[in-house]
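Participant:
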Amino acid sequence: MTDRYAVFGNPIGHSQSPRIHSLFAAQTGQDISYQAILAEREGFVAAVSAFIAAGEGPARGANVTVPFKEEAFRLATQRTPRAEAAGAVNTLSFDAGAISGDNTDGAGLVRDLKHNLGCDPSGRRILLLGAGGAARGVILPLLLENPAELVIANRTEETAARLALEFARLPGCAIDVKPDGTGFPGLAGRRFDLVINATSAGLSGAVLPLPTFVFAPRCVAYEMVYGRVTPFMQQARAAGARVADGLGMLVEQAAEAFFIWRGVRPHTAPVLAALKERE
Ligand code: NDP
Numbered sequence: 010m011t012d013r014y015a016v017f018g019n020p021i022g023h024s025q026s027p028r029i030h031s032l033f034a035a036q037t038g039q040d041i042s043y044q045a046i047l048a049e050r051e052g053f054v055a056a057v058s059a060f061i062a063a064g065e066g067p068a069r070g071a072n073v074t075v076p077f078k079e080e081a082f083r084l085a086t087q088r089t090p091r092a093e094a095a096g097a098v099n100t101l102s103f104d105a106g107a108i109s110g111d112n113t114d115g116a117g118l119v120r121d122l123k124h125n126l127g128c129d130p131s132g133r134r135i136l137l138l139g140a141g142g143a144a145r146g147v148i149l150p151l152l153l154e155n156p157a158e159l160v161i162a163n164r165t166e167e168t169a170a171r172l173a174l175e176f177a178r179l180p181g182c183a184i185d186v187k188p189d190g191t192g193f194p195g196l197a198g199r200r201f202d203l204v205i206n207a208t209s210a211g212l213s214g215a216v217l218p219l220p221t222f223v224f225a226p227r228c229v230a231y232e233m234v235y236g237r238v239t240p241f242m243q244q245a246r247a248a249g250a251r252v253a254d255g256l257g258m259l260v261e262q263a264a265e266a267f268f269i270w271r272g273v274r275p276h277t278a279p280v281l282a283a284l285k286e287r288e
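Counting in this note's numbering, the sequence shown runs from 10 upward without gaps.
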């Protein structure tokens, strides 16, 4: 019997996850099926239950994307510390009635930075732009890499300040660096070695009010949005930064989920290359 997996979202038509996981499965010789499921806005839990109940083989797990990551967090009967810190779940595992929840977004970002881009966050001055779900999911994994500093800047300053305070007081975590939260005006005169855009501004083509000197010499600028050149990428390039988009993070977070489910870590480079070829 083939083990079944799915990704739930709304919308979901654009999702690359079925392709990524079928390439992982072919590469590692794993017998799985993986489908994209459009869940109604109020129907996430029902859709997951229907997926578990129906089908030929056993349902083993699911990925969860916008707007259901917080609901998936609540649905999980047990959660990893990184999912707890993120307050969101993007990977569910089903086992004999138990539902385990994890969040692989931060691990995916860190892996893309370190292994694909040669940019180790350790010792770097990091600026994280945005304070929504994507930003929240990557803060703990970034802090665990021991950066020199981590500043969270957001259009709504209070959200950044609240998030920074929350992670500065995270219980049970031996983290040396306490994040700092600010609005965009608070970035004046400050420089960073790694600037990560976790806002959704790029989706609407909005320009972020970033001071030019925020990009230090040899800075890496990372845009979480993928599949388009955003104003942030143009700003960063004009300031001399090395620019990457979020496609690598997408593939790496999927690889981490695949590893959780199957116990095998797929090679991501050929999958990333295949997706880039299609862009
Ligand atoms: P949320 O809606 O939770 O948060 C959006 C954030 O963007 C908020 O901080 C918001 O600020 C800020 N923002 C939105 N518009 C603007 C603007 N015009 N100017 C300045 N700030 C703005 O979204 P998510 O955190 O879930 O997602 C953020 C992005 O990350 C999305 O584009 C998503 O595609 C991408 N992403 C990529 C992944 C990958 O694997 N590559 C994984 C996960 C996410 P405010 O608080 O002031 O409203």
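We treat Cβ as the ideally placed atom computed from N, Cα and C, and that holds for glycine. Since this is a predicted model, take the numbers as computed values, not measurements.
1) How far does the alpha helix (DSSP H) with S24 in it extend, from its first residue to its last?
2) State the Cα-Cα distance for the pair Y14 and R91, rounded to the nearest angstrom.
3) Classify L212 as buried or exposed, calling it buried when 16 or more other Cβ atoms lie within 10 Å of its own Cβ.
4) Return the residue from the list E166, A162, L137, A35 that minimises the CA-CA distance to L152.
5) Taking only the alpha-carbon atoms, compute the straight-line gap between R271 and G52 and give it to the nearest angstrom.
6) Ignore the nearest five residues each way along the sequence and tell me which others in E288's own chain have a CB closer than 7 Å to its CB.
7) If contacts are defined as beta-carbon pairs under 8 Å, then I46 and I21 qualify, I think. What distance do you get, rounded to the angstrom?
8) For ligand 1, any of its heavy atoms closer than 7 Å to the Cβ of Q25?
9) Within a Cβ cutoff of 6 Å, which residues of the same chain sit near F176, ignoring the five residues on either side of it in sequence?
10) Give me the residue from T113, A157, G142 with the minimum Cα distance to R134.
11) With a floor of 3 residues, list each beta strand (DSSP E) that falls wholly inside the stretch 173-237, ordered by position along the chain.
12) Does the stretch 227-235 come close enough to the stretch 76-94 to have 3 or more Cβ pairs within less than 8 Å?
13) Taking A97 as the reference, give the member of A63, V75, E154 with the closest Cα.
14) Assuming A77 is part of the alpha helix (DSSP H), what are its boundary residues?
15) Considering only residues of the same chain and omitting the five flanking positions on each side of M10, which have a CB-CB separation below 8 Å?
16) Using alpha carbons as the reference points, say which of N155, L196, G141 lies closest to P220.
17) Should V273 and V260 be called a contact, given that it needs their Cβ atoms to be closer than 8 Å?
18) Give every residue of the same chain whose Cβ lies closer than 6 Å to the Cβ of F33, excluding the five residues on either side of it in the sequence, and list them in chain order.
19) Quick one, which of T239, G214, P27, V252 has its alpha-carbon nearest F224's?
20) Do we get a CB-CB distance below 8 Å when we pair A225 with the residues of chain B?
21) Ligand 1 and M233: does the residue's C-beta get closer than 7 Å to at least one heavy atom of that ligand?
22) Look at N112 and G139 and say whether their C-beta atoms are less than 8 Å apart.
23) Can you give me the C-alpha to C-alpha distance between Q39 and G110, rounded to a whole angstrom?
24) To the nearest angstrom, how far is it from the Cα of A183 to the Cα of L172?
25) Which stretch, first to last residue, makes up the alpha helix (DSSP H) that contains V54?
26) Looking at the strands, I want to know which residues DSSP matches up with T100.
27) Please indicate yes or no: does the CB of M242 lie closer than 7 Å to some heavy atom of ligand 1?
Facilitator: Here's the rundown:
1) Walking along the sequence shown from the start, residue 24 turns up at place 15. Careful: S24 lies outside any alpha helix (DSSP H) and carries neither H nor E.
2) Counting from one through the sequence shown, the residue named residue 14 turns up at place 5. Counting from one through the sequence shown, the residue named residue 91 turns up at place 82. Cα to Cα, the separation comes out at about 22 Å.
3) Working through the sequence shown from its first residue, we reach residue 212 at position 203. By the neighbour-count definition (other C-beta atoms within 10 Å, threshold 16), L212 is an exposed residue.
4) Here residue 152 is taken as the residue at index 143 of the sequence shown, counted from 1. The shortest Cα separation from L152 among E166, A162, L137, A35 belongs to L137.
5) Translated into positions along the sequence shown, residue 271 becomes position 262. Translated into positions along the sequence shown, residue 52 becomes position 43. Here the alpha carbon of R271 sits roughly 28 Å from the alpha carbon of G52.
6) Locating residue 288 in the sequence shown gives position 279, counting from the first residue. Excluding positions up to five away in sequence, the list reads G236.
7) Numbered from 1 along the sequence shown, position 37 holds the residue referred to as residue 46. Numbered from 1 along the sequence shown, position 12 holds the residue referred to as residue 21. Confirmed, Cβ separation roughly 7 Å.
8) Stepping through the sequence shown from its first residue, residue 25 is reached at position 16. The answer is no for Q25.
9) Along the sequence shown, one-based indexing puts residue 176 at 167. Within the same chain, F176 has close Cβ partners I148, P188.
10) Reading the sequence shown from its first residue, position 125 is the one you call residue 134. Of the listed residues, the one whose Cα sits closest to R134 is A157.
11) The beta strand (DSSP E) runs of length 3 or more contained entirely in the stretch 173-237 are, from start to end of the chain, 189-191, 201-206, 224-232.
12) Counting Cβ pairs under 8 Å, fewer than three are found: no touch.
13) Your numbering for residue 97 matches position 88 in the sequence shown. Scanning A63, V75, E154 for the CA closest to the CA of A97 turns up V75.
14) The sequence position of residue 77 within the sequence shown is 68, counting from 1. It is Phe, not Ala, that sits at residue 77 in the sequence shown. Secondary structure note for F77: it is in no alpha helix (DSSP H), with a DSSP letter that is neither H nor E.
15) Position 1 of the sequence shown, counted from the start, is the residue given in the question as residue 10. These residues qualify, in order along the chain: E65, G66, P67.
16) In the sequence shown, residue 220 corresponds to position 211, counting from 1. The shortest Cα separation from P220 among N155, L196, G141 belongs to L196.
17) Mapped onto the sequence shown, residue 273 falls at position 264. Mapped onto the sequence shown, residue 260 falls at position 251. For V273 and V260, no; Cβs fall outside 8 Å.
18) As a position in the sequence shown, residue 33 is number 24, starting the count at 1. Cβ neighbours of F33 beyond the five flanking positions: F267, P275.
19) As a working note, residue 224 is residue 215 in the sequence shown. Comparing Cα-Cα distances from F224 to each of T239, G214, P27, V252, the minimum goes to V252.
20) The structure shown has no chain B; it contains just one protein chain.
21) Translated into the one-based positions of the sequence shown, residue 233 becomes position 224. M233 Cβ: within cutoff of ligand 1.
22) Position 103 of the sequence shown, counted from the first residue, corresponds to residue 112. Position 130 of the sequence shown, counted from the first residue, corresponds to residue 139. It is not a contact, given that the beta carbons lie outside the stated cut-off.
23) Working through the sequence shown from its first residue, we reach residue 39 at position 30. Working through the sequence shown from its first residue, we reach residue 110 at position 101. Going from the Cα of Q39 to the Cα of G110 covers about 22 Å.
24) Here residue 183 is taken as the residue at index 174 of the sequence shown, counted from 1. Here residue 172 is taken as the residue at index 163 of the sequence shown, counted from 1. Distance between A183 and L172, taken at the CA atoms: about 18 Å.
25) The residue labelled residue 54 in the question sits at position 45 within the sequence shown. Taken as a continuous stretch (DSSP letters only), the alpha helix (DSSP H) holding V54 covers 53-62.
26) Mapped onto the sequence shown, residue 100 falls at position 91. N72, D111.
27) In the sequence shown, residue 242 corresponds to position 233, counting from 1. It does not: the Cβ of M242 is nowhere closer than 7 Å to a heavy atom of ligand 1.
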